[in-house]
Amino acid sequence: MADVNRGNRPLSPHISIYRMTITMLVSIMNRITGAGMALAAILIVWWLMAAASGADYYATVNGYLTSWLGLLILVGSLWALWFHFLGGLRHLFMDFGIGYELKTVNLTGWIVLLGSFVLTALSLICII
Amino acid sequence: MSYKTDLGRVMGLGSAKEGVHEWFSGRVLSVALIPLTILFLCFVAPLIGEDHATVVAAFQNPFKAIVVILFLLIAFKHLADGLKEIIVDYVHGKAALPIALIATRLTCYFFGAAGAFAVAKIAFAG
């Protein structure tokens, strides 16, 4: 056999060995926020179905959504929505070949991260 | 010597043979979601916590009803496509992969249809 030392060779480094960069963070967070919003989407459909079925059931579901847990999920989802919105916009520009320079890619990454909090705060002010 | 262009030389040589349509229609839906998401937030977010009559009155406005129905249908299609991208990365196996893909897509389409039905019912029948 050519390689008698099979299984005892050094492995290629996995993600745990790299320093987290803004581009890594924004990339994985875009996935997590997108998948996570499935919960909010189902809650909103439940709320719409309740509104369609009548005032009594609507009051029950509306009560769940405006409980502290409901509001925590909804405000968290609002942030996820803005993060995914900005992250998606960044990817749309990249699909057209715009914004691949190292400086730009880091800058837009920070804009997505910080902008998501700013837009969440702004939209909360508008809603309340 | 061949007179073929570089593009002509490589067309059809990939293992998948297709994919441009799937990729491009995904971008089209993403672009559609930019204005729809903002309008959806403007129309629906202030309604959560309001009483039943206010919610019914809001969705009886045809523009609001149409925008929210469009948002729900496109957002759940976008969600199904996104979950597919995640599943093909992390789920393996002859049975697990197709089951996960079909189950998530059908669930997404069910909730998209349910949401659109609810808004339409309020718009037509209160």
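First to last, the sequence lines map onto chains U and P.
First residue of the first sequence: 0, per numbering that gives the first Met the number 0; consecutive thereafter.
First residue of the second sequence: 0, per numbering that gives the first Met the number 0; consecutive thereafter.
Ideal Cβ placement from N, Cα and C applies to all residues, glycine included.
> Would you say P/LEU46 and P/VAL54 are within 8 Å of each other, going by their C-beta atoms?
Replying inline: Locating residue 46 of chain P in the second sequence gives position 47, counting from the first residue. Locating residue 54 of chain P in the second sequence gives position 55, counting from the first residue. Cβ atoms of P/LEU46 and P/VAL54: closer than 8 Å.
> Counting pairs of Cβ atoms below 8 Å between the region 65-80 of chain P and the region 100-108 of chain P, do you hit three or more?
Replying inline: Three or more beta-carbon pairs separated by less than 8 Å link the region 65-80 of chain P to the region 100-108 of chain P, which places the two stretches in contact.
> U/MET36 and U/SER76: beta carbons closer than 8 Å?
Replying inline: Along the first sequence, read from residue 1 onward, the residue named residue 36 of chain U stands at position 37. Along the first sequence, read from residue 1 onward, the residue named residue 76 of chain U stands at position 77. Their beta carbons are under 8 Å apart, which means U/MET36 touches U/SER76 by this criterion.
> Exposed or buried, which one is U/LEU123 when buried takes at least 16 other CB atoms within 10 Å?
Replying inline: Within the first sequence, residue 123 of chain U is the residue found at index 124, counting from 1. Under this definition U/LEU123 is an exposed residue.
>> Cutting at 6 Å between CB atoms, please list the residues of its own chain near P/LEU38, excluding the five before and the five after it.
In response: Against the second sequence, residue 38 of chain P aligns to sequence position 39. Within the same chain, P/LEU38 has close Cβ partners VAL66.
> Quick one: does U/PHE116 have its CB under 8 Å from some CB of chain P?
Replying inline: In the first sequence, residue 116 of chain U corresponds to position 117, counting from 1. For U/PHE116, the answer is no, since every Cβ of chain P falls outside 8 Å of its Cβ.
>> Quick check on DSSP: helix, strand or coil for P/HIS51?
In response: Taking the first residue of the second sequence as position 1, residue 51 of chain P is located at position 52. In the three-state DSSP reduction, P/HIS51 falls in the helix class (H, G or I).
>> Below 8 Å on the Cβ atoms is my contact criterion, and I expect P/ILE73 with P/LEU40 to pass it. Report the Cβ-Cβ distance as a whole number of Å.
In response: The residue given as residue 73 of chain P occupies position 74 in the second sequence. The residue given as residue 40 of chain P occupies position 41 in the second sequence. The distance from the Cβ of P/ILE73 to that of P/LEU40 is about 15 Å, inconsistent with a contact at the 8 Å cut-off.
>> Residues in the same chain with beta-carbon distance under 6 Å from P/ILE68, minus the five sequence neighbours each way, listed in chain order, please.
In response: Stepping through the second sequence from its first residue, residue 68 of chain P is reached at position 69. The answer, listed in chain order, is ALA115, VAL118.
> Could one say the Cβ of P/PRO161 lies closer than 8 Å to chain U's Cβ atoms, at least one of them?
Replying inline: Absent from the structure is residue 161 of chain P, since the part of chain P shown begins at 0 and ends at 125.
>> Against U/LEU64, what residues of chain P qualify as contacts under a CB-to-CB distance less than 9 Å, listed in chain order?
In response: Against the first sequence, residue 64 of chain U aligns to sequence position 65. Here the neighbours are ILE47, GLY48.
> Does any C-beta atom of chain U lie closer than 8 Å to the C-beta of P/PHE110?
Replying inline: Start at 1 with the first residue of the second sequence, and residue 110 of chain P comes out as number 111. Chain U contact via Cβ: present.
>> Is it buried or exposed, P/LYS63, if we count other Cβ atoms within 10 angstroms and call 16 or more buried?
In response: Taking the first residue of the second sequence as position 1, residue 63 of chain P is located at position 64. Per the 10 Å Cβ criterion, buried.
>> Suppose the cutoff is 8 Å on Cβ atoms and the five residues either side in sequence are ignored; what does the same chain contact list for U/PRO9 look like?
In response: One-based indexing of the first sequence puts residue 9 of chain U at position 10. The answer is none, since no qualifying residue turns up.
> Grouping DSSP H, G and I as helix and E and B as strand, with all else coil, what is P/ARG104?
Replying inline: Position 105 of the second sequence, counted from the first residue, corresponds to residue 104 of chain P. Taken through DSSP and simplified to helix, strand or coil, P/ARG104 comes out as helix.
> Measuring CA to CA, which of U/ARG18, U/CYS125, U/ALA39, U/THR32 is closest to U/GLY69?
Replying inline: For this step, residue 69 of chain U is matched to residue 70 along the first sequence. For the residues U/ARG18, U/CYS125, U/ALA39, U/THR32, the minimum Cα distance to U/GLY69 belongs to U/ALA39.
>> What would DSSP say about U/VAL104, mapped onto helix, strand or coil?
In response: The residue labelled residue 104 of chain U in the question sits at position 105 within the first sequence. Three-state result, U/VAL104: helix.
> Does the region 112-119 of chain U come within contact of the region 79-97 of chain U, defined as at least 3 CB pairs closer than 8 Å?
Replying inline: The region 112-119 of chain U makes contact with the region 79-97 of chain U: 3 or more CB pairs, one atom from each, lie closer than 8 Å.
>> Check for me: the alpha helix (DSSP H) holding U/PHE92 runs from which residue to which?
In response: On the first sequence, position 93 is the one that residue 92 of chain U refers to. Under the DSSP assignment, U/PHE92 falls in the alpha helix (DSSP H) whose first and last residues are 67-94.
>> Less than 8 Å between C-beta atoms, sequence neighbours within five positions excluded: which residues of the same chain meet that for P/LEU35?
In response: By one-based count along the second sequence, residue 35 of chain P stands at place 36. The answer, listed in chain order, is VAL66, LEU69, PHE70, ILE73, ALA74.
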